[in-house]
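K.L.:
Take a look at the following structure, please.
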Amino acid sequence: MNNTLKAPSKEITTQWINQLKLISEKTHLDYIDIIIDQAGIENPIVPALIKMDNDIRWFSLFTNMPEEGFLEQAPLLIRIEWNKSTHLILLEELFELLYSEPRLLITSSPLSFNMLSTFLLSLAEVEWGFKSCLLRFYDTRVFPTLIKDILTSEQQKRFTDITFIWGWLDRDNDMSWLLGSYHPEIEDKSFSIIQFNDEQINKIGCISDAEELRSYSEFNNTSITQEENFNRLYHLAIQANNSDYLGTTEEYIRKHSFNN
2 MNNTLKAPSK
12 EITTQWINQL
22 KLISEKTHLD
32 YIDIIIDQAG
42 IENPIVPALI
52 KMDNDIRWFS
62 LFTNMPEEGF
72 LEQAPLLIRI
82 EWNKSTHLIL
92 LEELFELLYS
102 EPRLLITSSP
112 LSFNMLSTFL
122 LSLAEVEWGF
132 KSCLLRFYDT
142 RVFPTLIKDI
152 LTSEQQKRFT
162 DITFIWGWLD
172 RDNDMSWLLG
182 SYHPEIEDKS
192 FSIIQFNDEQ
202 INKIGCISDA
212 EELRSYSEFN
222 NTSITQEENF
232 NRLYHLAIQA
242 NNSDYLGTTE
252 EYIRKHSFNN
């Protein structure tokens, strides 16, 4: 596994893994679950998992979807068990491979692996009108804004009720956490597909717009953090979307960014 982007130092990797171990200790679990977004990845993770055979549990969140055949592009749920050295080696390699990329989402859930797989699969797809759409919540550029600003309170609970905590590396490569609200009764529930309205779909589009513009030097404000810069562009994109401005989102933000 090679990463052409800047790789973390051994010290950073060790600190990150120790944080995950501490989470597991506090939640009294001997494992941690990770979700890997493989979309467009140069080195797919699947071959390494297949090589490990039955030594590790993993699940594609494209299962039973039209995209099911694209396994090397699929989001993967992987259970890392702390007492297995091969799992630790894999976790280190994944962190080094995916550092600085929005592909690694962490969760600490007491649910069985099969049950967690089922719940996450139910979250990976939404209906909008009469259309079925992938919900790429496992993209860590999407996840925090999705939870904080796009989902309804009931939809948020679909994510928080299944786990003790979510974690990810933010745009500044700092670890971020979202506390869950797990309760055992969740295990007896079944859920229908999440329904999105037009406003929610538009806000998902605003995330994409803000991310694209953040990559342009003229919109990359180096006096603030990358997270602050994204949030600024995201809210301007929403303003543009809600306005009667006839130009593009980029033109709107260029016109208004210096006034915000």
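In my numbering, the protein residues as written are 2 to 261.
All residues carry an ideal CB built from backbone N, CA and C; glycine is no exception.
Remember, predicted model here, so these are calculated numbers, not experimental data.
Whole angstroms are fine: how far does the CA of Thr28 sit from the CA of Gly41?
P.N.:
So the two alpha carbons sit approximately 33 Å from each other.
K.L.:
Relative to the C-alpha of Phe131, which residue among Pro185, Arg104, Ile90 and Asp199 is closest?
P.N.:
Out of Pro185, Arg104, Ile90 and Asp199, Asp199 has the C-alpha closest to the C-alpha of Phe131.
K.L.:
Hey, Leu136 and Leu124 are a contact pair by Cβ (cut 8 Å); roughly how many whole angstroms apart?
P.N.:
Going by Cβ atoms, the distance from Leu136 to Leu124 rounds to 7 Å, so yes, they are a contact pair.
K.L.:
Using only CA atoms, which one of Phe120, Ser216, Gln201 and Ser258 lies nearest to Thr108?
P.N.:
Taking only the C-alpha atoms, the option nearest Thr108 is Phe120.
K.L.:
Can you give, in chain order, each stretch of the beta strand (DSSP E) that sits fully within the stretch 8-57 and has at least 3 residues?
P.N.:
List check, beta strand (DSSP E) in window: 32-37.
K.L.:
Return helix, strand or coil for Glu68, following the three-state DSSP convention.
P.N.:
Coil, per DSSP.
K.L.:
From the DSSP output, in three-state form, read off Arg80 for me.
P.N.:
In this structure, Arg80 counts as strand in the three-state DSSP scheme.
K.L.:
Near Phe63, what residues of its chain come up, given a Cβ to Cβ distance below 6 Å and the 5 sequence neighbours on each side ignored?
P.N.:
Around Phe63: Glu69 and Ala75.
K.L.:
Give the straight-line distance between the Cα atoms of Tyr183 and Trp167, rounded to the nearest whole angstrom.
P.N.:
Each residue's alpha carbon lies about 11 Å from the other.
K.L.:
Give me, in chain order, the residues of the same chain whose beta-carbon lies closer than 7 Å to that of Ser133; leave out the 5 immediate sequence neighbours on both sides.
P.N.:
So the list reads Glu126, once near-sequence residues are dropped.
K.L.:
I'd like to check one pair, Phe192 with Trp129: are the Cβ atoms closer than 8 Å?
P.N.:
It is not a contact, given that the beta carbons lie outside the stated cut-off.
K.L.:
Could you please give the first and the last residue of the uninterrupted beta strand (DSSP E) stretch that includes Ser133?
P.N.:
Unbroken beta strand (DSSP E) run through Ser133: Lys132 to Leu135.
K.L.:
Please report the straight-line C-alpha distance between Ile57 and Gln16, rounded to a whole angstrom.
P.N.:
Cα to Cα, the separation comes out at about 23 Å.
K.L.:
Kindly indicate which residue of Lys52, Thr250, Asp173 and Thr223 has the alpha-carbon position closest to the one of Ser209.
P.N.:
Out of Lys52, Thr250, Asp173 and Thr223, Thr250 has the C-alpha closest to the C-alpha of Ser209.
K.L.:
Taking the alpha carbon of Trp59 as the reference point, which residue from Tyr100, Ser113 and Ile202 has its own alpha carbon closest?
P.N.:
Checking every option, the nearest Cα to that of Trp59 belongs to Ser113.
K.L.:
Which partner residues does Phe60 have in the DSSP bridge list?
P.N.:
Looking at the DSSP assignment, Phe60 forms a beta bridge with Leu78.
K.L.:
With Ile148 and Leu122 assumed to form a contact (beta carbons below 8 Å), what rounded beta-carbon distance in angstroms separates them?
P.N.:
Contact doesn't hold; Cβ gap of about 18 Å is too wide.
K.L.:
Using a threshold of 8 Å, state whether the C-beta atoms of Ile254 and Lys204 are closer than that.
P.N.:
Cβ atoms of Ile254 and Lys204: not closer than 8 Å.
K.L.:
For Leu92 versus Ile46, is the C-beta distance shorter than 8 Å?
P.N.:
Cβ distance not < 8 Å, so Leu92 and Ile46 don't count as in contact.
K.L.:
According to DSSP, simplified to helix, strand and coil, what is Ile239?
P.N.:
Looking at Ile239 - three-state DSSP - the assignment turns out to be helix.
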